Each structure stands twice: as structure tokens, then as C-alpha cells.
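Novice:
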Amino acid sequence: MLDGRTPLHVFERGIVTGVRYRDEILEPYVRLFRGAVGPVFILMDDNARPHRALLVDEFLESGDIRRMDWPARSPDLNPIEHVWDVLGRAIATRNPPPRTTKEMKTELLNEWDQLPQEMIKCLISSIKSRCKACISEMLPLLKKSADRKINGLNISRAAVINMSSAGGSIAAL
Numbered sequence: 001m002l003d004g005r006t007p008l009h010v011f012e013r014g015i016v017t018g019v020r021y022r023d024e025i026l027e028p029y030v031r032l033f034r035g036a037v038g039p040v041f042i043l044m045d046d047n048a049r050p051h052r053a054l055l056v057d058e059f060l061e062s063g064d065i066r067r068m069d070w071p072a073r074s075p076d077l078n079p080i081e082h083v084w085d086v087l088g089r090a091i092a093t094r095n096p097p098p099r100t101t102k103e104m105k106t107e108l109l110n111e112w113d114q115l116p117q118e119m120i121k122c123l124i125s126s127i128k129s130r131c132k133a134c135i136s137e138m139l140p141l142l143k144k145s146a147d148r149k150i151n152g153l154n155i156s157r158a159a160v161i162n163m164s165s166a167g168g169s170i171a172a173l
């Protein structure tokens with residue numbers, strides 16, 4: 001599982017809540033991965049409402065599971081979004097397309113199992129370069145707006161540049 005993937009989890013009926021996310025994803029999968037990887041493990045999720053529920057934060061804290069700081073509206077940085085795209089395109093080629101929820105689930109599970117592991121590894125190893133590219137794209141915008149007030153304080157352009165070169169959290173802005 002560490003050098004592979006988990007089974008694809010399909011939420012059955014209803015909406016995904018913080019409780020369901022904790023019980024169906026974090027407890028059976030993430031906690032096990034964290035245990036196997038150890039303290040260097042960092043969870044990469046997104047800012048979806050169920051992921052940010054207080055009970056999820058408490059669960060992660062109690063399990064000593066660190067979460068990556070995540071910029072809002074940045075799906076291109078998360079490898080799983082690229083995987084969803086591949087799955088969606090594969091399902092779209094079906095003729096006839098899945099007509100029921102059960103058929104859709106079956107097709108998704110089949111496609112998930114056929115995804116090349118090498119593609120997943122490449123996506124994961126590209127995270128660092130994609131984050132760097134995002135920061136590079138943001139720097140000119142930050143430099144232009146650096147003289148504006150942020151949280152009621154004036155900061156200089158030099159402060160923004162120094163923050164970025166010192167490893168500040170620009171990507172989280």
C-alpha cells in the first residue's frame with residue numbers, strides 16, 4: 001500500500017460531512033498511512049468543508065497527523081485532481097455511458113485499478129516543482145501590491161521579498 005494506492009473509496013448515498021470524512025477516509029486510510037510512514041507524514045487534502053471540520057482537526061491532532069497548508073482555489077497543485085481528470089475522461093469515452101449510480105461506481109473502480117502506478121508516482125514527485133512554479137507566478141503580483149496595507153500594517157516590498165527567500169508561506173496567501 002505504501003508504494004501503491006489504496007482502494008478507491010466511493011461514498012455511498014448522501015453528502016460527505018466531516019464525520020463521514022473522518023470515519024470513512026481518515027480513520028481507515030490516513031491513520032494507517034501515518035503509522036506506516038512515521039512523523040514525516042504530511043496529509044495533503046484541500047479546503048473542502050468536510051476536511052476543515054473541527055472534529056477533523058481534532059482527529060488529526062490526536063493522531064499527530066500534520067496537514068499541509070493549502071492555498072484556496074488551487075486544485076492544480078494537488079495530484080489527486082489530475083487523477084480525477086484522468087478518471088473522468090476515461091469514463092466519458094464509455095459507449096454507452098454508465099446509466100446508473102451502480103454502473104458509474106463499477107466503471108470508476110475499474111478505471112482506478114487500471115491507472116498506471118508510474119503516472120501516480122510522477123504526479124506526486126512533481127508537487128515540489130508545481131509549488132515552486134506557483135510561488136514564482138505569485139511573486140510579481142506580491143511585489144506590485146507590497147506597498148499596500150496588509151492587516152492594517154504597511155509593509156515594504158523588501159519585506160515581502162525577504163519573506164519569500166526565507167521560506168515564508170507565500171503559497172498560502
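Numbering (the UniProt record's numbering), first residue to last: 1 to 173.
Ideal Cβ positions, reconstructed from N, Cα and C, are used throughout, including at glycine.
In this text the structure is predicted, and so the values were computed from the model without any measurement.
Tell whether a beta-carbon distance below 8 Å holds between L123 and P71.
Specialist: In this structure, P71 does not lie closer than 8 Å to L123 by Cβ.
Novice: Contact between the stretch 46–58 and the stretch 91–101: three or more CB pairs below 8 Å?
Specialist: Judged by Cβ distances under 8 Å, the stretch 46–58 makes no contact with the stretch 91–101, as fewer than three pairs qualify.
Novice: I'd like the list of long-range same chain contacts for M119, defined as Cβ closer than 6 Å, with 5 residues on each side in sequence excluded.
Specialist: Result list for M119: empty, nothing under 6 Å.
Novice: Going by CA-CA distance only, name the one from E81, H82, L108, L77 that's closest to A92.
Specialist: Among E81, H82, L108, L77, the Cα nearest to that of A92 belongs to L108.
Novice: Could you check the C-alpha separation between N110 and L8 for me, to the nearest Å?
Specialist: Rounded to whole angstroms, N110 to L8 spans 10 Å at the Cα level.
Novice: Determine whether the beta carbon atoms of A53 and G14 lie at a separation below 8 Å.
Specialist: Cβ distance not < 8 Å, so A53 and G14 don't count as in contact.
Novice: Per DSSP, which residues does I42 bridge with? Please list them.
Specialist: Note: I42 sits in a beta bridge opposite R66.
Novice: Measure how close the beta-carbons of P50 and R20 come, nearest whole angstrom, since I'm counting them as under 8 Å.
Specialist: Indeed they touch by this definition, with Cβ atoms about 7 Å apart.
Novice: DSSP three-state label for G14, please.
Specialist: Coil.
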